[in-house]
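Notes to accompany the following structure.
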Amino acid sequence: MPDPIPSRASDEVFDASVFTHRAPSVGHLLRDRIAATPDTTAYSFPSGIAWGELTWAQLGERVWALAAGLVDLGIQPEDRVSLASSTRIEWVLADYAIMAAGAATTTIYPTSISDDVAFIIANSGSRVVVAEDAEQVTKLREVRDAIPDVMTVVAVDTEGVDLDDWVISFEDLEERGAALLASEPGVVDTRIDGTGPESLATIIYTSGTTGRPKGVRLLHRTWTYQGAAIRSTEMLTADDVHYLWLPLSHVFAKVLLLISTDVGMQTAIDGRIDKIVDNLGEVRPTFMAAAPRIFEKVYGKLSLSMQEEGGAKAKIFDFASETARAYSRAMSEGRSPSVALGLKHKVADKLVLSKVRERFGGRVRFFISGSAALNIDIAHWFNGAGLPILEGYGLTETSAAATVNRPYALRVGTVGWPNVQTEMKVAEDGEILVRGELVMQGYHDNPDATAEVLTDDGWFHTGDIGEIDADGFVKITDRKKDLFKTSNGKYVAPSLIESTFKGLCPYVGQLLVHGENRQFVSALVTLDEEAIQPWAEANGLEGASYTEIVSSMQARDMVQSYVDELNAGLNRHEQIKKFHILGRDLTVEDGELTPSLKLRRKVVAEKFKADIEELYPS
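Quick note on my numbering: the sequence shown kicks off at 188 and runs consecutively.
In structure tokens:
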């Protein structure tokens, strides 16, 4: 904690020498980390019924072997190697190996359909693909004619995979590399030494909310900058334990790997979402990053379980929740909580809040939230419970982290201060602009799209509307393209309304606010299949199917009550006048959500056009 604690971004103290002396590439960074702390734990990961571990030295041995294996396959500097896998230790090994070999990682979500996989591989010019399992290999075989540049596929899990001259195993790649290292021990170090700050490290394709994904070219300097930015403020240190479950195909998770390497902390990695709660108790992390939906679901489950208990437990939980929020609001506004509020908070902590912290392992210093807007009430609840959520902001084009709240400078409702040595400003139309080493080189093989967002003097147009207050805190209000105007000429920011509603209604899955060129605002609503079942049993719908539940009058009345609560806090032109509950939740598989769970507005609006039209009089 800095002393004195800065109150504005311009007063933040950081170690500028970290930037001056930082590694020129990710390969250099990893090599330096191995040399500095060879015997400390780098990663832990599921291994049978227990957790396996790799020290930094052990990690290095495997990375060097895999990197040499890629060299043996014929991979040249800045060649692209695609990675199609869920979050697991092999993803980490492969990613580091690709960059150590001087090549560039291209990430592919394992949920991507064959057509998208073919586009990304072909557009990036990938020559090798690391595929997680038989499912991913099958996709590649289906589109082999569309990806002629791919000379080899490397399968991580080989069960059900037919190995041949095109598909080899992960173990085979590692063995080939070990053999090459035996005859040429310096082959990987030579590749690392030939890689510099301006070399291509990664191509990550945008989520495609508005059309065909664009390949974002990120250089080695962007990743080494991100690690240095965090280390320079000492937000995270080698003493921290990081729990990582986010999809590594997403830039948010990717940047966390580089930060972990830079500061030298341990990361527990397991991409299975259904194991998060169990793993938190076992790993006992000091911090974890997540998308807002995770925090919404955690709060919703706790709230619902207390409601089901009823009686004294429900009343105590409500008391603790309101106290936590009030305490957090006071702290966030720079006010010292009153004596009375302080006493109430101690009681709330003893009865409820301390138990909540234990459910997260008992050691969490803070969470980091990104990728979408976090509901303010939920943020205050976690913050008041001693589990502060540091909301941040960034895009794939800014290598994830452009701003973040600090543990010593947290203002709920904002996305924090810009990263140190990053410039931000607000254009005349309210758009947020960013400049610095975190910004992409450009879009791969798409100069026209690059010119639309990058100015000659290095300013990146984010497409997000926001503001920067006098203390340097950044607030994002909505996507520029998502804003719409009603037929009455009033602008509406749908994302803010949607995130507010998710904080009010624990049963909601997704909400799409609509109303462009219409006389009033409407919404499509989906209900969370897991959360709605206990509610249904308590409301006369025991044994009913999901379809029967969401089409019932009870469900409609329930949603209406939350819509009324939402509308009470909105301007008249923003209020939802009508809504329709869809018969199912939205999914990635159906193309309605991006792999990072962002709403594909145009897709949803088009797919459920008939439902929307019914909400408006002819």
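Think of the CB as a built atom: it goes at the ideal place given N, C-alpha and C, for glycine as much as any other residue.
| query | result |
| --- | --- |
| Alpha helix (DSSP H) segment containing Tyr749, residue limits | Met740 to Asn754 |
| Contact between the segment 562-580 and the segment 471-482 (3+ Cβ pairs under 8 angstroms) | yes |
| Cβ shell of Val791 (< 6 angstroms), same chain only, five flanking positions each side left out | Leu699 and Glu779 |
| Bridge partners - Phe357, DSSP secondary structure assignment | Beta-bridge pairing links Phe357 to no other residue. |
| Contact test: Tyr803 Cβ vs the ligand ATP heavy atom, cutoff 7 angstroms | In the structure on display, the ligand ATP does not appear, and there are no ligands present to speak of. |
| CA-to-CA distance, Tyr486 to Ala718, given in whole angstroms | 12 angstroms |
| Option in Glu509, His437 and Phe553 with minimal Cα separation from Ala587 | His437 |
| Straight-line gap, Ile799 to Ser709 (C-alpha atoms, nearest Å) | 8 angstroms |
| Cβ contact (3+ pairs, closer than 8 angstroms) linking the segment 254-263 and the segment 285-293 | yes |
| Proximity of Thr664 and Gly676 at Cβ, strictly below 8 angstroms | no |
| His767 - DSSP class collapsed to helix/strand/coil | strand |
| Alpha-carbon spacing of Leu216 relative to Glu385, whole angstroms | 15 angstroms |
| Helix, strand or coil at Tyr296 according to DSSP, with G and I counted as helix | coil |
| Met627 and Ile655 closer than 8 angstroms at C-beta | no |
| Burial state of Asp715 (16 or more Cβ within 10 Å) | buried |
| Euclidean distance between Cα positions of Tyr296 and Ile192 | 41 angstroms |
| Cα-Cα separation, Phe306 to Asp744 | 45 angstroms |
| Trp604 - partner residues in DSSP beta bridges | Val591 |
| As assigned by DSSP and simplified to three states, the class of His567 | helix |
| Counted within 10 angstroms of its Cβ, other Cβ atoms place Pro335 as buried (16 or more) or exposed | exposed |
| Validate contact between the segment 397-408 and the segment 225-238 using beta carbons, cut 8 angstroms, 3 pairs | no |
| Segment contact, 8 angstroms Cβ cut-off, at least three pairs: the segment 536-552 with the segment 452-469 | yes |
| Residue of Asn726, Ala333 and Leu360 minimising C-alpha distance to Thr345 | Leu360 |
| Per-residue DSSP class, three states only, for Gly256 | helix |
| Contact between the segment 256-272 and the segment 206-220 (3+ Cβ pairs under 8 angstroms) | no |
| Arg195 beta carbon less than 8 angstroms from that of Met422 | no |
| Of the listed residues Leu367, Asp376, Val337 and Lys789, nearest to Leu670 (C-alpha basis) | Lys789 |
| Nonlocal neighbours in the same chain, by C-beta distance under 6 angstroms from His701, ignoring five residues either side | Ser709 and Ile799 |
| Cross-strand partners of Glu545 (DSSP beta bridge) | Beta-bridge pairing links Glu545 to no other residue. |
| Cβ-based burial, Arg759 [other Cβ within 10 Å; buried from 16] | exposed |
| Runs of beta strand (DSSP E) wholly within the segment 601-658 (minimum 3 residues, chain order) | 610-613, 618-622 and 647-655 |
| Among Ala222, Arg418 and Gln263, nearest to Leu246 - alpha-carbon criterion | Ala222 |
| Residues sharing a beta bridge with Pro233, DSSP | Trp238 |
| 7 angstroms Cβ shell around Ala281 - same chain, five flanking residues per side excluded | Leu253, Leu270 and Val317 |
| Own chain residues within Cβ distance below 7 angstroms of Ile446, not counting five before or after | Gln413, Gly414, Ile417 and Leu423 |
| Neighbourhood of Thr224 by C-beta distance below 8 angstroms, restricted to the same chain and skipping five residues each side | Trp243, Ala425 and Gly451 |
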